[in-house]
Amino acid sequence: MLYFINRVMKKIFILFILSSFFIQAQTYKVVYDVKFVTDSVKKEVKYEEMDLYIAKDSTIYISPKKVNYDNYLQGLNAKNTQEFITNNTLNIAAIKEKYPSPIINHTIIRNNGTNKILSKVNRNIYLLNQPIEEINWKIENEQKTQLDLIIKKATTTYLGRKWTAWYTEEIPNSVGPYKFGGLPGLILEIYDDNNYFHFSAIEINQNNTKPDLTKDFTKSKKVNLEDYKKIYENRGVEIIQNLKSLNITSSNISPAEMEKKIDNKLKSENVFLEKSNHINF
10 MLYFINRVMK
20 KIFILFILSS
30 FFIQAQTYKV
40 VYDVKFVTDS
50 VKKEVKYEEM
60 DLYIAKDSTI
70 YISPKKVNYD
80 NYLQGLNAKN
90 TQEFITNNTL
100 NIAAIKEKYP
110 SPIINHTIIR
120 NNGTNKILSK
130 VNRNIYLLNQ
140 PIEEINWKIE
150 NEQKTQLDLI
160 IKKATTTYLG
170 RKWTAWYTEE
180 IPNSVGPYKF
190 GGLPGLILEI
200 YDDNNYFHFS
210 AIEINQNNTK
220 PDLTKDFTKS
230 KKVNLEDYKK
240 IYENRGVEII
250 QNLKSLNITS
260 SNISPAEMEK
270 KIDNKLKSEN
280 VFLEKSNHIN
290 F
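Per my numbering, the sequence shown starts with residue 10, numbered consecutively.
What follows is the structure, encoded as structure tokens:
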């Protein structure tokens, strides 16, 4: 009985904050657990949390690791670096442990019919402006529950992959993680038929503080899709050039072996979310 009451109260809370959202135009955050595979041979599953900030006319899809690290850098001063100093030496490893780098290096801002994609490749940030594509969904006759909300099934072929999505009409916002959207409700779960990519909502919270992306836009270089494909394809060459320019060597491995190791690693990353474009952002 207590379990049933808790479930009912949880659902009432979610619906309450979302009704407040539509009335007061506040910002809410959906937290997604993202599982993905980059190597089709090893099939090692990687994990990352991603946040979807939903405002009245726009969304931001971003890694919370990136937000935390950016906030740390923005407030960088002698006081908040003191905990990382030992024997007058800054412990970089300790900083990386507390503020780890994101595995997923893209941020997607959706507004005015456009997806603004900020993608970090090596040390550079690139900006792509892409029109929001209409996704041809097929509504299926299946439903289940997630986060105590009724979710319904839909399928599509998009970006070269077959996808199954679960959306809720109880949250009438036609968005979802990454570039997904266009259903009569928020997408809470979506995965491809190989299960290489799986997005699943685990929390919905009120959050009126959106990430500040001013610096990212300022630092970014605007490119089109074809330019980005070349940059992505040649990212290994850039890594090797950077290592050479910084004169980084290892006593355990020769420069030629290091180049081969980097090249093999990047070649093994042969699973692309955007299969039709042969890229990941």
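Even for Gly, the Cβ is constructed at its ideal location relative to N, Cα and C.
In the assembly as shown, residue 66 is an exposed residue. Its beta-carbon has fewer than 16 other beta-carbons within 10 Å. Between the alpha carbons of residue 265 and residue 241 lies a distance of about 22 Å.
Per DSSP, the unbroken alpha helix (DSSP H) holding residue 76 starts and ends at 73-83. Within the same chain, 36 come within 6 Å of residue 64 by CB-CB distance, once the 5 residues on both sides are set aside. Excluding residues up to 5 positions away in sequence, 118 and 138 lie with their Cβ nearer than 6 Å to the Cβ of residue 125 in the same chain. Here the stretch 91-111 does not lie against the stretch 142-150, with fewer than 3 beta-carbon pairs under 8 Å apart. Apart from the 5 residues on each side of it in sequence, residue 208 sits with its Cβ closer than 6 Å to the Cβ of 41, 43, 186 and 199 in its chain, given in chain order.
At a cut-off of 3 residues, the continuous stretches assigned as beta strand (DSSP E) that sit fully inside the stretch 178-213 are 195-201. In this structure, residue 282 sits near residue 168, with a CB-CB distance shorter than 8 Å. Restricting attention to 165, 57 and 214, the CA atom closest to the CA of residue 202 is found in 165. Contact between residue 155 and residue 172 is absent: CB atoms are separated by about 17 Å, not below the 8 Å threshold. The straight-line gap separating the alpha-carbon atoms of residue 286 and residue 74 is approximately 27 Å. Taking all protein chains shown into account, residue 210 has 16 or more neighbouring C-beta atoms within 10 Å of its C-beta and is therefore buried. Straight across, the Cα-Cα distance linking residue 51 with residue 111 is about 21 Å.
Residue 131 holds the alpha-carbon nearest to the alpha-carbon of residue 113 among 229, 131, 103 and 178. Rounded to the nearest angstrom, the gap between the Cα atoms of residue 121 and residue 270 is 43 Å. The alpha carbon of residue 206 has as its nearest neighbour, out of 178, 214 and 170, the alpha carbon of 170.
With fewer than 16 other CB atoms across the displayed protein chains lying within 10 angstroms of its CB, residue 218 is exposed. Annotation: residue 237 is outside any beta strand (DSSP E); the continuous alpha helix (DSSP H) that includes it extends over 234-242.
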